[in-house]
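Residue numbers for the sequence shown follow UniProt numbering, beginning at 1 and rising by one.
For reference, the structure discussed in these notes is given below.
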Amino acid sequence: NLMNAIMGSGILGLAYVMANTGVFGFSFLLLTVALLASYSVHLLLSMCIQTAYLGL
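Here it is in structure tokens:
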């Protein structure tokens, strides 16, 4: 339920950002945030692999 509230407020904010920045600015910002999120997930997964308890 909390996740739905967080995602809903984020999606509602997209229309506001697009209205203020225009199509090209919105596309650039959306792509930038998507790339940063993807890189963050990559870093988290690589840290999970490096700190696994395989030797125990």
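A virtual CB, placed ideally from N, CA and C, is assigned to each residue, including glycine.
In this text, all values refer to a predicted model and were calculated from it rather than measured experimentally.
Is the closest heavy atom of the ligand NAP to the C-beta of residue i under 7 Å?
| i | result |
| --- | --- |
| Y39 | Among the components of this structure there are no ligands whatsoever, and the ligand NAP is therefore not found. |
Looking at C-alpha atoms only, which residue of the options is the closest neighbour of residue i?
| i | options | result |
| --- | --- | --- |
| G13 | L36, L43, L30 | L30 |
Could you spell out the range, first to last residue, of the alpha helix (DSSP H) harbouring residue i?
| i | result |
| --- | --- |
| Y39 | 2-50 |
Measure how close the beta-carbons of residue i and residue j come, nearest whole angstrom, since I'm counting them as under 8 Å.
| i | j | result |
| --- | --- | --- |
| F24 | M18 | Between M18 and F24 the Cβ distance is about 10 Å, and since that is not below 8 Å, they are no contact. |
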